[in-house]
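Residues 8 to 101 (our numbering) are what the sequence shown spells out, left to right. For each residue, glycine too, the CB sits at the ideal point set by N, CA and C.
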Amino acid sequence: MAKSDSKTTKDHNTIKKWTEARDGKPAVVESTANNEKGGGLLRINFPGYAEDNLKNISWEEFFKIFDENNLQFLYQEETKDGGESRFFKFVSDD
């Protein structure tokens, strides 16, 4: 498998390591942060790529939402040209 191929994981350490290697922080969309069900829409807040409506949260809160919503983390290590990729998304494990 080429490094530009996407992978999926539910492993908290893998997600945290990938995120922190890219200076990312765990976050939620602020308008959804107090959502009764689900805890908010998860995002990763990258410096220089931030959306205005993100609220940084702790890793503990991030993984609580991640697990409660039965999500997987789809991500890419490198772009096709070999650069560091920030591509990710959260997908349902259902």
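Practice item. Determine the closest residue to P54 out of T26, I22, F97, with distance taken between C-alpha atoms. Key: Looking up residue 54 in the sequence shown gives position 47. For P54, the nearest C-alpha among the options comes from T26.
Exercise for review: May I ask you to verify whether the region 10 to 19 touches the region 79 to 86, counting CB pairs closer than 8 Å and requiring at least 3?
Suggested key: yes
Review point. So, using beta-carbon positions, are F95 and I51 closer together than 8 Å?
Key: Locating residue 95 in the sequence shown gives position 88, counting from the first residue. Locating residue 51 in the sequence shown gives position 44, counting from the first residue. Yes, these two residues count as a Cβ contact at 8 Å.
Exercise for review: Please check the pair L48 and F73, which I expect to be a contact at CB under 8 Å, by giving their CB distance rounded to whole angstroms.
Suggested key: The sequence position of residue 48 within the sequence shown is 41, counting from 1. The sequence position of residue 73 within the sequence shown is 66, counting from 1. L48 to F73, Cβ: 11 Å. No contact.
Practice item. With a floor of 3 residues, list each beta strand (DSSP E) that falls wholly inside the region 22 to 80, ordered by position along the chain. Key: 32 to 36, 49 to 52, 61 to 63
**Study point:** Extent of the continuous beta strand (DSSP E) to which F97 belongs
**Key:** For the purposes of this step, residue 97 is taken as residue 90 along the sequence shown, with counting starting at 1. Where F97 is concerned, the enclosing beta strand (DSSP E) stretches over 95 to 99.
Review point. Quick one: is V98 buried, meaning 16 or more other Cβ sit within 10 Å of its Cβ, or exposed?
Key: In the sequence shown, the residue the question calls residue 98 occupies position 91. The residue is exposed, with fewer than 16 neighbouring Cβ atoms inside 10 Å.
Review point. What separation, rounded to the nearest whole angstrom, lies between the Cα atoms of N76 and K62?
Key: To locate residue 76, count along the sequence shown from 1; it is residue 69. To locate residue 62, count along the sequence shown from 1; it is residue 55. Looking at the two C-alpha atoms, the distance is approximately 19 Å.
Check your understanding: Looking only at its own chain, which residues have a Cβ that is under 7 Å from the Cβ of T39, when we skip the five neighbours before and after it?
Key -> Here residue 39 refers to the residue found at position 32 of the sequence shown. If we look at T39 and ignore the five residues flanking it on each side, its Cβ neighbours are G47, L48.
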